[in-house]
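Colleague: Before I ask anything, let me first share the structure, which is written out below as structure tokens.
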């Protein structure tokens with residue numbers, strides 16, 4: 101296992117930076133912004149974070165859309181962005197030696213995006229198509245529907261893409277106001293991974309981002325209210341049933357986060373030997389796909405199990421999922437089984453760490469909330485420290501799952 105050296109520095113304007121020294125011919129850099137769909141507090145602004153992420157590529161005060169697209173692609177690189185409920189990421193992957201080009205371009209996007217009216221009108225149609233396409237895929241759309249229900253009444257409970265109706269109100273001024281409000285140095289992190297030395301990266305970041313001076317605005321994020329357990333069915337005329345079972349769990353700072361991550365991997369991780377895959381697919385042939393996931397926001401989280409099955413098998417599959425979790429909640433994971441699970445999960449994390457792009461993005465997120473980016477060894481130590489009692493306690497939090505079925 102290679103713990104790549106990490107250096108953290110901060111510009112005078114408050115912009116935090118995390119540098120990961122990693123040998124190779126490819127470099128990665130970008131910004132993680134502490135702003136996402138959760139910061140859209142009224143229905144007429146639903147989807148704005150995602151829309152701004154799209155339209156910063158459509159022109160700045162001295163670049164047209166084509167120049168933005170071509171800037172990194174001309175050297176074989178890529179420019180990407182995506183939005184989550186709490187963050188936005190704008191980043192680039194490029195051949196070694198092009199860091200200055202990438203940093204200057206990203207700084208231009210976050211400082212001087214112009215949001216031309218004609219481009220906004222075109223992009224509005226593009227995102228509307230994205231909304232309609234997404235809703236046509238039940239295995240994707242069911243997660244949004246489930247989150248709408250389990251986070252009902254909060255800013256977490258709406259689709260990141262927004263609605264066709266909300267898109268209609270997004271103008272140049274609306275987009276610019278959002279950018280100026282949220283893309284501020286104190287609420288952003290610059291992340292870098294590659295062979296360029298920290299001192300040189302700091303010099304480049306200061307050159308292009310040092311002039312950012314917009315004041316930080318306090319986030320108006322309220323913890324979602326508790327929602328009663330539900331069991332809902334939505335008719336969609338599908339050839340199979342799509343089911344999500346889930347429950348609210350702790351957030352990023354929860355003491356049981358690592359126990360919950362390990363439990364989730366035991367239940368429905370990527371391995372074919374996950375308990376739910378063995379029970380429902382390998383042993384009984386009831387599903388083609390079943391997986392479990394745990395996501396953590398700053399003040400709450402969500403555990404889910406998804407599967408697709410024949411309509412007549414949905415109730416049986418639900419019982420099998422619940423019974424599997426109940427057994428663990430009663431202490432079914434002994435020391436031997438836990439040791440095996442830790443070894444498997446640790447190996448998966450080591451393999452995942454070879455993906456330099458995803459590692460850089462994760463380090464950017466870690467800096468946003470923890471002001472540090474711990475090496476992989478720290479995560480592995482925390483996984484290794486999880487006890488059987490902690491696994492049992494984590495499972496006990498999942499014995500009353502809400503359910504949404506699309507059929």
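In my numbering, the protein residues as written are 101 to 507. For glycine and all other residues, C-beta sits at the position ideal for the given N, C-alpha and C. Values in this document were obtained by computation on a predicted structure and should not be read as measured data.
Within 10 angstroms of the Cβ of residue 287, are there 16 or more other Cβ atoms? Answer buried if so, exposed if not.
Modeller: Per the 10 Å Cβ criterion, buried.
Colleague: By how many angstroms is the C-alpha of residue 300 removed from the C-alpha of residue 330?
Modeller: Answer to the nearest angstrom: the Cα atoms are 54 Å apart.
Colleague: Determine the burial state of residue 188: buried for a count of at least 16 other Cβ atoms within 10 Å of its Cβ, exposed for fewer.
Modeller: Flag for residue 188 reads buried.
Colleague: Would you check if there are 3 or more beta carbon pairs closer than 8 Å linking the stretch 334-347 to the stretch 366-384?
Modeller: No: fewer than three Cβ pairs fall under 8 Å.
Colleague: Strictly by DSSP, which residues pair up with residue 396?
Modeller: Its beta-bridge partners are 401.
Colleague: Here's the rule I'm using: 16 or more other beta-carbon atoms within 10 Å means buried, otherwise exposed. How should residue 406 be labelled?
Modeller: Its Cβ being crowded by 16 or more others within 10 Å, residue 406 is buried.
Colleague: Return the CA-CA distance between residue 257 and residue 409, expressed in angstroms with no decimal places.
Modeller: Straight-line Cα distance between these residues: approximately 26 Å.
Colleague: Taking the C-alpha atoms as reference points, what is the distance between residue 346 and residue 428?
Modeller: So the alpha carbons of these two residues sit roughly 16 Å apart.
Colleague: With residue 124 as the anchor, note down where its beta strand (DSSP E) starts and where it stops.
Modeller: Run containing residue 124: none; DSSP gives neither H nor E here.
Colleague: Under the three-state reduction of DSSP, which class applies to residue 251: helix, strand or coil?
Modeller: Three-state result, residue 251: coil.
Colleague: Please report how far the alpha carbon of residue 352 lies from the alpha carbon of residue 470, in whole angstroms.
Modeller: In a straight line, the C-alpha of residue 352 is about 9 Å away from that of residue 470.
Colleague: Residue 209 lies in the alpha helix (DSSP H); which residues open and close that run?
Modeller: That run of the alpha helix (DSSP H) goes 199-212.
Colleague: Given a cut-off of 8 Å on the beta-carbon distance, is the pair residue 291 and residue 463 in contact?
Modeller: Yes.
Colleague: So, with DSSP's three-state summary, where would you put residue 298?
Modeller: The answer is helix: DSSP assigns residue 298 an H, G or I state.
Colleague: Which two residues bound the contiguous alpha helix (DSSP H) that contains residue 439?
Modeller: Note, residue 439: alpha helix (DSSP H), 435-452.
Colleague: Can you tell me which of the three DSSP states residue 515 falls into?
Modeller: Outside the shown range of the chain (101 to 507) lies residue 515, about which nothing can therefore be said.
Colleague: Assuming residue 208 contacts residue 163 (C-beta within less than 8 Å), just tell me the rounded distance between them.
Modeller: About 6 Å; that satisfies the 8 Å criterion.
Colleague: Confirm, please, whether the CB-CB distance from residue 402 to residue 93 is below 8 Å.
Modeller: Residue 93 is absent from the model: the chain starts at 101 and stops at 507.
Colleague: Residue 251: which of 212, 279, 327 and 231 sits nearest, CA to CA?
Modeller: Comparing Cα positions, the closest option is 327.
Colleague: Skipping 5 residues on each side, what residues in its chain have a beta carbon closer than 6 Å to that of residue 171?
Modeller: Excluding positions up to five away in sequence, the list reads 205.
Colleague: Could you have a look at residue 168 and say whether DSSP puts it in helix, strand or coil?
Modeller: Note: residue 168 maps to helix in three-state DSSP.
Colleague: Counting along the chain, where does the alpha helix (DSSP H) carrying residue 468 start and finish?
Modeller: Start and end: 456-470.
Colleague: Around the C-beta of residue 392, are 16 or more other C-beta atoms found within 10 angstroms, so that it is buried, or is it exposed?
Modeller: Buried: at least 16 other Cβ atoms inside 10 Å.
Colleague: Which term fits residue 485, buried or exposed, when burial requires 16 or more other beta carbons within 10 angstroms of its beta carbon?
Modeller: With fewer than 16 other Cβ atoms within 10 Å, it is exposed.
Colleague: Taking just the CA atoms, how far does residue 179 sit from residue 173?
Modeller: Taking the straight line joining both Cα atoms gives about 8 Å.
Colleague: Can you tell me whether residue 385 is buried or exposed, with buried defined as 16 or more other CB within 10 angstroms of its CB?
Modeller: So residue 385 counts as exposed.
Colleague: For residue 372, report the span of its alpha helix (DSSP H) as first-last.
Modeller: From DSSP, residue 372 is part of no alpha helix (DSSP H); its letter is neither H nor E.
Colleague: Ordered along the chain, which non-local residues of its own chain (more than five positions away) have a Cβ less than 6 Å from that of residue 282?
Modeller: 135.
Colleague: What does a CB cutoff of less than 6 Å around residue 344 pick up in its chain, not counting 5 residues either side in sequence?
Modeller: Result list for residue 344: 242, 246, 404, 406 and 504, in chain order.
Colleague: Contact defined as beta carbons within less than 8 Å: I believe residue 279 pairs with residue 213. What is the distance between those atoms, to the nearest angstrom?
Modeller: Correct: roughly 6 Å between the Cβ atoms.
Colleague: Is residue 376 closer than 8 Å to residue 421 when the C-beta atoms are compared?
Modeller: Yes, Cβ-Cβ distance for residue 421 and residue 376 is below 8 Å.
Colleague: Return the first residue and the last residue of the beta strand (DSSP E) that residue 178 is part of.
Modeller: Note, residue 178: beta strand (DSSP E), 178-183.
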